[in-house]
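Trainee:
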Amino acid sequence: GAVVSQHPSRVICKSGTSVKIECRSLDFQATTMFWYRQFPKKSLMLMATSNEGSKATYEQGVEKDKFLINHASLTLSTLTVTSAHPEDSSFYICSAASLAGGYEQYFGPGTRLTVT
Amino acid sequence: QKEVEQNSGPLSVPEGAIASLNCTYSDRGSQSFFWYRQYSGKSPELIMSIYSNGDKEDGRFTAQLNKASQYVSLLIRDSQPSDSATYLCAPKGAGNNRKLIWGLGTSLAVNP
C-alpha cells in the first residue's frame, strides 16, 4: 500500500518553456501533498505544501508564480515549472500524506528535470 | 544549531555487522519521528516510524527514541550491501502543519 506515482520520470526542455509534473497517490487518498527539490548530494528542500482544494503554501524563497501547484483532487497534484531556466534543473520529488494516516509521507519516484 | 543533526558519514561497516545511525533534533515539541532510506539517484523510502520513548523493532531494523535527550537512532542488524544508502532522520515539527524536518542524512556503506 501507500504507492505514489510521478510522471514524467525524466524530462528535458528548452530554456523559457514550461514543464508540468504530475503526482498521484494510487491506493490512498492524500489530503496533503508536498513538493521537494533536491540538488546532487544536498538535502531535500521543501518547496511547497498543497492541500486538496486550497492554495498551496510555499516555503520562503520559492517563487509561487514560477512553480505553480494545483491539488485538484485527493489523488492528484501537479507542479508546473514556468519559463524554466538551466538553474531550475534538479530532481523534483513529490510526497503524499494519507487522509487516514499519521504524519508519514510517501514519496513518488521523482522527476529529473534538465533545462537546456 | 541545526534543527536535525546527523553524522554525514560515510559510516562504513562490514557485511553482517550492526550499523548504528544517530540523530538529534532541536524541537522539543516533536512527537513523531521517521527514518527514510534514500538510494543514490532515487527518492526517499519510509522504513520506520516511532512515536514513543523506547525501542521499536521491525525485522532487521530497530528504532530507538529518547525524547528527554532529543535523540533518535536506527540500528540495522546483519547489515547487507543492499543497505548501502543515505539514511534520513525526519521528525515532525510541533505545530499544526504536516511538515517533516529533514536532516542531511548519514551515508552508510556496507562492505562485502
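Protein sequence lines, in the order shown, are assigned to chains A and B.
If you read the first sequence in the numbering used here, its first letter stands for residue 1, the second for the next number, and so on.
If you read the second sequence in the numbering used here, its first letter stands for residue 1, the second for the next number, and so on.
Quick reminder that beta carbons are idealized off the backbone N, C-alpha and C, glycines included.
Predicted model, so just to flag it, every value in this text is computed and none were measured.
(1) Y103 of chain A CB to nearest chain B CB: under 7 Å?
(2) Does the beta-carbon of F39 of chain A have 16 or more other beta-carbons within 10 angstroms, so that it is buried, or is it exposed?
(3) Can you name the start and end residues of the beta strand (DSSP E) that R10 of chain A belongs to?
(4) Counting only the same chain and skipping the five closest in sequence on each side, list residues whose C-beta sits under 8 Å from that of Q105 of chain A.
(5) Which residues in chain E have a C-beta closer than 9 Å to the C-beta of N97 of chain B? List them in chain order.
(6) When we look at the beta-carbon of T27 of chain A and count the other beta-carbons within 10 Å, is it buried (16 or more) or exposed?
(7) Strictly below 9 Å CB to CB, what residues from chain B border P109 of chain A?
(8) Locate the beta strand (DSSP E) running through I47 of chain B, then write down its first and last residues.
(9) Could you tell me which chain A residues have their CB closer than 7 Å to the CB of W102 of chain B, listed as they occur along the chain?
(10) Strictly below 7 Å CB to CB, what residues from chain A border K92 of chain B?
(11) Okay, do the segment 77 to 96 of chain A and the segment 17 to 31 of chain A touch, 3+ Cβ pairs below 8 Å being the bar?
Mentor: Straight from the coordinates:
(1) Yes, its Cβ sits closer than 7 Å to a Cβ of chain B.
(2) It is exposed - the Cβ of F39 of chain A has fewer than 16 other Cβ atoms within 10 Å.
(3) Residues 10 to 13.
(4) Excluding residues up to 5 positions away in sequence, F34, S95, A96, A97 lie with their Cβ nearer than 8 Å to the Cβ of Q105 of chain A in the same chain.
(5) The structure shown contains no chain E; the protein chains it does contain are A and B.
(6) Residue identity differs from the one stated: residue 27 of chain A is Asp in this sequence, not Thr. Per the 10 Å Cβ criterion, exposed.
(7) From the beta-carbon of P109 of chain A, the residues of chain B found nearer than 9 Å are K42, S43.
(8) Run containing I47 of chain B: 45 to 50, per the beta strand (DSSP E) assignment.
(9) Within chain A, the residues near W102 of chain B are S43, L44.
(10) Within chain A, the residues near K92 of chain B are Y103.
(11) Judged by Cβ distances under 8 Å, the segment 77 to 96 of chain A makes contact with the segment 17 to 31 of chain A, as three or more pairs qualify.
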